[in-house]
């Protein structure tokens, strides 16, 4: 687990690392701070370095808070993946010229053909799952047993709510449309002209809310149908379906 990032950071014996082992986990956190992240001054790392201490979880929680990590010490896998990602960014920042010399992978001969981005994704990879969970927590998306479904939900949310077009549309002021109240029947009479007018306005607003609710229900139905109608594809077997 986390093998690729640990290997990139030149961590000792990344293939045998087991984050469920508390001692290995704590040693890895201390190594990341000492060798890569270096957020604290050396003299301030004492509590974090005191691995056998019963107060280590408190020091670790404070460390995550000081780094503005979106995860707490209870979210062990997600927090470690975030720390590894931060360490990779710092490693690149410290050695920009070194990594600029790295040659990109050769492009495929069929580069003109569109490629499904899900083809090369391993949905069972711990790194993939940790990344999807991290995004779902940030975007407040409910978790699902199928991580690919969660990824699709994240993509839909980003496209519909966080794209430049969506943000521009949301920032535009909606202009109201004048309505002649005398052309709409209230259906009853309160005996007071002012109350009748207020009741007409409330009724029209309620109808508008119902229309918006119906639109959202229709959108939800379409989204569910799109997921249900999309069969799972096993690219390794070249088959479509379960």
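Residue numbers (the numbering used here): 79 to 320. Glycine included, every Cβ here is placed at the ideal spot set by N, Cα and C.
Could you name each continuous alpha helix (DSSP H) segment of 4 residues or more that falls completely within the region 107 to 183, going from the start of the chain to the end?
124 to 127, 134 to 144, 154 to 172 and 174 to 178
Are the CB atoms of residue 226 and residue 263 within a distance shorter than 7 Å?
no
Here's the rule I'm using: 16 or more other beta-carbon atoms within 10 Å means buried, otherwise exposed. How should residue 143 be labelled?
Under this definition residue 143 is an exposed residue.
Find out if the Cβ-Cβ distance for the pair residue 68, residue 156 is shorter than 7 Å.
This structure leaves residue 68 out entirely; the chain is present only between 79 and 320.
For residue 102, which option in 83, 115 and 129 has the closest C-alpha, if you only look at C-alpha atoms?
129
Am I right that residue 148 and residue 216 are in contact with their C-beta atoms under 8 Å? What's the rounded C-beta distance?
6 Å
With a Cβ-Cβ cutoff of 7 Å, do residue 97 and residue 84 count as a contact?
Going by beta carbons, residue 97 and residue 84 fall outside the 7 Å limit.
Assuming residue 92 and residue 81 are in contact, meaning their beta carbons sit under 8 Å apart, how far apart are those beta carbons, in whole angstroms?
5 Å
What did DSSP end up calling residue 313 once you bin it into helix, strand or coil?
For residue 313, the predicted model reports a pLDDT of 47, less than 50, meaning its position is unreliable and no value from the coordinates is stated.
Count the other CB atoms, across all protein chains shown, that sit within 10 Å of the CB of residue 19; report buried if there are 16 or more and exposed otherwise.
Since the first and last residues shown for the chain are 79 and 320, residue 19 lies out of range.
Neighbour-count burial assignment, residue 300, 16 or more Cβ in a 10 Å radius
Exposed is the label assigned to residue 300, since fewer than 16 other Cβ atoms lie within 10 Å of its Cβ.
Cβ neighbours of residue 86 in the same chain (closer than 8 Å, five flanking residues each side left out):
166 and 169
Got a sec? Which residues, its chain only, sit under 6 Å from residue 289 by beta carbon, not counting five neighbours each side?
none
What do you get for residue 175, buried or exposed, if any count of 16 or more other CB atoms within 10 angstroms of its CB means buried?
exposed
Give the range of the alpha helix (DSSP H) segment to which residue 225 is assigned.
225 to 235
Is residue 146 buried or exposed, if buried means 16 or more other CB atoms sit within 10 Å of its CB?
exposed
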